[in-house]
Amino acid sequence: MENQELKIIHLYDKQPKDISVKLEKNTKGYNWEISYAGEDIEAVLFKIREANKKLQEEYGGEKQ
601 MENQELKIIH LYDKQPKDIS VKLEKNTKGY NWEISYAGED IEAVLFKIRE ANKKLQEEYG
661 GEKQ
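Numbering (the numbering used here) for the sequence shown: 601 to 664.
#1: Bridge partners of G629, per DSSP?
#2: So, helix, strand or coil for I634, using DSSP?
#3: V621 to L655, Cα distance in whole Å?
#4: So L645 is in the alpha helix (DSSP H); what residue range does that whole segment cover?
#5: Just to confirm, is the Cβ distance from I619 to K647 under 7 Å?
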């Protein structure tokens, strides 16, 4: 019987990034913080703008 070499290679797909939103209600209304990480700045900004727009529609607030 021949000696066989066994090689294990772990391949990980890039995991989708999670968007994080912190929403706070105070006496003047709502405030929020949006976090999103990525390598492509345009994609990051798009996600943040999209989340901000939806939060403004739902909770009001100043246009930013």
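C-beta atoms are modelled at their ideal positions from N, C-alpha and C, and glycine is treated no differently.
Reading from the atomic positions:
#1: N626
#2: strand
#3: Their Cα atoms are separated by approximately 9 Å.
#4: Run containing L645: I641 to Y659, per the alpha helix (DSSP H) assignment.
#5: yes
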